[in-house]
Amino acid sequence: MKLIFLLFVSLLFATNCFTKSRLCEATKPEPIPVHDSTGNMLRAGANYYVQPIYPDEAWGFELASINNHHKPCPLGIVQEDYYPGTPLLFSSANPKKSIIRLSIDLNIDYNLSYTVCTKSNDVIWTVGPYDRRAKSYFLVLGGVKGNPGRETVKNWFKIEVFGDNYKIRYCPSVCSDCKVMCKDVGIIEYNGQKRLGLSDVPVEVKFVKDA
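Numbered per this note's numbering, the sequence shown spans residues 3 to 213.
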């Protein structure tokens, strides 16, 4: 009898939530904040170094040409023995949110004033076209900041817990009716480079705030 009563209460609450969806949305707890290496919450608009944990924390993420014909463009993201790499900033799909939280859609931006390839201060990560030779999708620059939806679906990433630290994942939810591929961001060795791309093996990272 007690179980029937609890089921009735749950059904009543669910029905009430359905009819008052805005109220239910407002009462949902927000996702857990992401923390940097010092334990502080990640904030939108602040610069952070994204440092892989393995094989060595001295290996940072850096911009590099991924053209096989020795041309400067396009630019991709590679792991190099260069400490600490180039800092990045994160921005949420909801521009009113200043705290970066787990599992929310994010733009990842190098925030450079100029590059040979983009000539823009919005140097946004995006998923490049399928590389048939490498049989992989690599991450490149050229995304558009903001405007969440179908047209920008390749530009959105998420931060998830992985091991004692975090991983970056491509699994956008900015387009409810889009068919998307969910994959982790990992290191793919190709043509003598350690490129960032979509992989079944994520790279474990930590976030170090730029001084």
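We put the CB at the ideal spot given by N, CA and C, even for glycine.
#1: Note down the Cα distance separating residue 195 from residue 93, rounded to an integer number of angstroms.
#2: Between 35, 106, 170, 138, which has its C-alpha nearest residue 205's C-alpha?
#3: Might you give, ordered along the chain, the residues of its own chain that have their beta carbon closer than 7 Å to the beta carbon of residue 24, omitting 5 neighbours on each side?
#4: May I have the straight-line CA-CA distance separating residue 67 from residue 140, to the nearest angstrom?
#5: Could you check which residue in 153, 167, 105 has the C-alpha nearest to that of residue 41?
#6: What is the DSSP secondary structure of residue 155, counted as helix, strand or coil?
#7: Should residue 107 go down as buried or exposed, given a rule of 16 or more other Cβ atoms within 10 Å for buried?
#8: Please look up how many angstroms separate the CB atoms of residue 156 and residue 173, rounded, as I've assumed it's under 8 Å.
#9: How long is the line joining the alpha carbons of residue 53 and residue 130, rounded to whole angstroms?
#10: Could you spell out where the beta strand (DSSP E) holding residue 127 opens and where it closes?
#11: For residue 110, which residues does DSSP report across the bridge?
#12: For residue 56, does the three-state DSSP call read helix, strand or coil?
#13: Are the beta-carbon atoms of residue 78 and residue 62 separated by less than 8 Å?
#14: CB-CB under 6 Å to residue 241, same chain, minus the five flanking residues each way: which ones, in chain order?
#15: Ends of the beta strand (DSSP E) at residue 167?
#16: Alpha carbon to alpha carbon, how far is residue 48 from residue 99? Give it in angstroms, no decimals.
#17: Apart from the five residues just before and just after residue 210, which ones in its own chain have a Cβ nearer than 7 Å to its Cβ?
#18: Determine the contact status of residue 113 and residue 91, defining contact as a CB-CB distance below 8 Å.
Judging by the given coordinates:
#1: Along the sequence shown, read from residue 1 onward, the residue named residue 195 stands at position 193. Along the sequence shown, read from residue 1 onward, the residue named residue 93 stands at position 91. It is roughly 28 Å from the alpha-carbon of residue 195 to the alpha-carbon of residue 93.
#2: Sequence index remark: in the sequence shown, residue 205 carries index 203 (1-based). Of the candidates 35, 106, 170, 138, the one whose C-alpha sits nearest the C-alpha of residue 205 is 170.
#3: Looking up residue 24 in the sequence shown gives position 22. Per-residue confidence for residue 24 stands at a pLDDT of 46, beneath the threshold of 50, marking its modelled position as unreliable; the derived number appears in the next sentence. None.
#4: One-based indexing of the sequence shown puts residue 67 at position 65. One-based indexing of the sequence shown puts residue 140 at position 138. Rounded to whole angstroms, residue 67 to residue 140 spans 12 Å at the Cα level.
#5: The residue you call residue 41 lines up with position 39 of the sequence shown. Closest in C-alpha terms to residue 41, from the list 153, 167, 105, comes 167.
#6: The sequence position of residue 155 within the sequence shown is 153, counting from 1. Reduced to three states, the DSSP call for residue 155 is helix.
#7: In the sequence shown, counting from the first residue as 1, residue 107 sits at position 105. It counts as buried.
#8: If you number the sequence shown from 1, residue 156 lands on position 154. If you number the sequence shown from 1, residue 173 lands on position 171. That pair is no contact at about 12 Å.
#9: The sequence position of residue 53 within the sequence shown is 51, counting from 1. The sequence position of residue 130 within the sequence shown is 128, counting from 1. The alpha-carbon atoms of residue 53 and residue 130 are separated by roughly 22 Å.
#10: Residue numbering aside, residue 127 sits at position 125 when the sequence shown is read from its first letter. Per DSSP, residue 127 belongs to the beta strand (DSSP E) from 126-133.
#11: Taking the first residue of the sequence shown as position 1, residue 110 is located at position 108. According to DSSP, residue 110 bridges with 92.
#12: One-based indexing of the sequence shown puts residue 56 at position 54. The answer is coil: DSSP assigns residue 56 none of H, G, I, E or B.
#13: In the sequence shown, the residue the question calls residue 78 occupies position 76. In the sequence shown, the residue the question calls residue 62 occupies position 60. Cβ atoms of residue 78 and residue 62: not closer than 8 Å.
#14: In the structure displayed, the chain extends from 3 to 213; residue 241 sits before or after that span and is not available.
#15: For the purposes of this step, residue 167 is taken as residue 165 along the sequence shown, with counting starting at 1. For residue 167, the enclosing beta strand (DSSP E) has its first and last residue at 167-172.
#16: On the sequence shown, residue 99 is found 97 positions in, with the first residue counted as 1. On the sequence shown, residue 48 is found 46 positions in, with the first residue counted as 1. Looking at the two C-alpha atoms, the distance is approximately 13 Å.
#17: Position 208 of the sequence shown, counted from the first residue, corresponds to residue 210. By the criterion of a C-beta distance shorter than 7 Å, residue 210 is surrounded in its chain by 38, 39, 50, 51, 53, 86, once the five residues flanking it on both sides are discounted.
#18: Within the sequence shown, residue 113 is the residue found at index 111, counting from 1. Within the sequence shown, residue 91 is the residue found at index 89, counting from 1. Contact flag set, yes.
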